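Participant:
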Amino acid sequence: MPEQTMEIPTIDFSELEGENRSKAMEILHDACENWGFFQIRNYGIDSKLMEKVKQLVDQHYEENLKESFYQSGTAKKLNNKENPSDVDWESSFFIRHRPTSNIHQIPNLPQGFSKTVDEYIAEMIKLAEKLANLMCENLGLDESFIKDAFSGKEGPAVGTKVAKYPKCPEPELVRGLREHTDAGGIILLLQDDQVPGLEFLKNGEWFQIPPSRNNTIFVNIGDQVEVLSNGRYKSTLHRVMADKNGSRLSIATFYNPAGDAVITPASKLLYPLSYTFGDYLQLYSATKFTDKGTRFETMKELAKGSNGFHA
Numbered sequence: 001m002p003e004q005t006m007e008i009p010t011i012d013f014s015e016l017e018g019e020n021r022s023k024a025m026e027i028l029h030d031a032c033e034n035w036g037f038f039q040i041r042n043y044g045i046d047s048k049l050m051e052k053v054k055q056l057v058d059q060h061y062e063e064n065l066k067e068s069f070y071q072s073g074t075a076k077k078l079n080n081k082e083n084p085s086d087v088d089w090e091s092s093f094f095i096r097h098r099p100t101s102n103i104h105q106i107p108n109l110p111q112g113f114s115k116t117v118d119e120y121i122a123e124m125i126k127l128a129e130k131l132a133n134l135m136c137e138n139l140g141l142d143e144s145f146i147k148d149a150f151s152g153k154e155g156p157a158v159g160t161k162v163a164k165y166p167k168c169p170e171p172e173l174v175r176g177l178r179e180h181t182d183a184g185g186i187i188l189l190l191q192d193d194q195v196p197g198l199e200f201l202k203n204g205e206w207f208q209i210p211p212s213r214n215n216t217i218f219v220n221i222g223d224q225v226e227v228l229s230n231g232r233y234k235s236t237l238h239r240v241m242a243d244k245n246g247s248r249l250s251i252a253t254f255y256n257p258a259g260d261a262v263i264t265p266a267s268k269l270l271y272p273l274s275y276t277f278g279d280y281l282q283l284y285s286a287t288k289f290t291d292k293g294t295r296f297e298t299m300k301e302l303a304k305g306s307n308g309f310h311a
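Residue 121 in the UniProt record's numbering sits at position 121 of the sequence shown; the count goes up by one each step and never skips.
(1) Would you check if there are 3 or more beta carbon pairs closer than 8 Å linking the segment 32–40 to the segment 226–239?
(2) Who are the Cβ neighbours of V87 in its own chain at under 6 Å, not counting the five residues just before and after it?
(3) So N220 packs on F37, CB below 8 Å; how close in whole Å?
(4) Does the structure place the segment 259–269 close enough to the segment 159–167 that three or more beta carbon pairs sit under 8 Å?
(5) Quick one: what's got a C-beta closer than 8 Å to V53's C-beta in the same chain, skipping five residues either side?
(6) Within its chain, find whatever has a CB closer than 8 Å to the CB of G293; leave out the 5 residues flanking it on each side and keep chain order.
(7) I'd like the list of long-range same chain contacts for T181, defined as Cβ closer than 8 Å, with 5 residues on each side in sequence excluded.
(8) Using 10 angstroms around the beta-carbon of H104, count the other beta-carbons present and answer buried if the total reaches 16, otherwise exposed.
(9) Quick check on DSSP: helix, strand or coil for G73?
(10) Can you find the residues in the same chain that come closer than 7 Å, C-beta to C-beta, to N307, ignoring five residues on each side of it along the sequence?
(11) When you compare each of L302, L281, R41, D58 to L131 by their alpha carbons, which one comes out closest?
(12) Helix, strand or coil, according to DSSP, for Q208 in the structure here?
(13) By the 10 Å Cβ neighbour count, where 16 or more other Cβ atoms means buried, how is S212 classified, buried or exposed?
(14) Give the secondary structure of Q39 by DSSP, where H, G and I count as helix, E and B as strand, and everything else as coil.
(15) What is the DSSP secondary structure of Q59, counted as helix, strand or coil?
(16) Let me make sure I understand the geometry here. Which of Q282, P166, N215 has the alpha-carbon closest to that of E67?
(17) Measure the alpha-carbon distance for E15 versus G152 and round it to whole angstroms.
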């Protein structure tokens, strides 16, 4: 059981415009190459907006999702001391923002939820694209390379997984979320400021990511940035541990390729692979909790064998 914590690389956005810019860029490059995750602060988003988003998500969970979660099959199995190894101890739903939104199709959202989240996501998209530009600069690519690579006919895809990891009576029997890497691009996480649970694998060991105080955004890299960068920037295995005493909040916004975006490494960085993100997602849905390297090799073979993979 890991008890280790570490000093996570932190990018101070206020230093990207001044004399400390080169140092901040070095920290970002190292974080992307050697960690696969980092946190950012002083990024210029109104803290009141972020607090409002968290408050509305908590309200929605308490009013609409909490009771049904504890009556679910997963909860009943755990109460019977069974080990539900193929499920996750989480209550979650997914909001699509771009290219088209589904937020108005989600039932029982609190008043003001849609408007507040739309305002928040507009800021998250600006932040993700700023990070994408900075990554490209560090890799020696054109500033817009990642955004252009992610853009299908209607631009990059953006969505948010809204999750609560409820108090768990038997945390040793189940994961909040099983070990995986993220399929997409750049993930921006607004997480709980009190309850821990998130862990990342580094150098073969699991390390606890502490709760985020003062709305610090936690960022991790998805599989597609690893491929675009020809393996220079790494996606990293992570998981969420169940907690007996607290209910953890997680609002993860994904800045991803469009489904029809063709992903191939930057020619400057050369990696012999090309596929659509939609095809990758078909494979990912069946192999999310397996090693990403095997997934990449499968996509290579499929790309060699045909012009497209269709399950």
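Built from N, CA and C at the ideal position, the CB exists for glycine as well. Being a predicted model, the structure only gives us computed values, none of them experimental.
Facilitator: Reading off the structure:
(1) Contact between the segment 32–40 and the segment 226–239 is established, with three or more Cβ pairs separated by less than 8 Å.
(2) Excluding residues within five positions, the ones whose Cβ falls inside 6 Å are T74.
(3) 4 Å between Cβ atoms; contact.
(4) Segments in contact, no.
(5) Take V53, set aside five residues on each side of it, and the residues of its chain with a beta-carbon closer than 8 Å to its own are T116, V117, Y120, L190, I251, in chain order.
(6) There are no such residues.
(7) Within its own chain, the residues whose Cβ lies closer than 8 Å to the Cβ of T181, once the five positions on either side in sequence are excluded, are G222, D223, S235, T236, L237, H238, K292, listed in chain order.
(8) H104 comes out exposed.
(9) G73 sits in a helix when the DSSP states are folded into three classes.
(10) Because the pLDDT at N307 is just 49, under 50, the model does not fix this residue reliably, and the value given afterwards should be weighed accordingly. None.
(11) Of L302, L281, R41, D58, the residue nearest in Cα terms is R41.
(12) Collapsing the DSSP output to three states places Q208 in a strand.
(13) Answer is buried; the Cβ neighbour count reaches 16.
(14) Of the three classes helix, strand and coil, the one that applies to Q39 here is strand, per DSSP.
(15) The three-state secondary structure of Q59, taken from DSSP, is helix.
(16) Among Q282, P166, N215, the Cα nearest to that of E67 is on P166.
(17) In a straight line, the C-alpha of E15 is about 33 Å away from that of G152.
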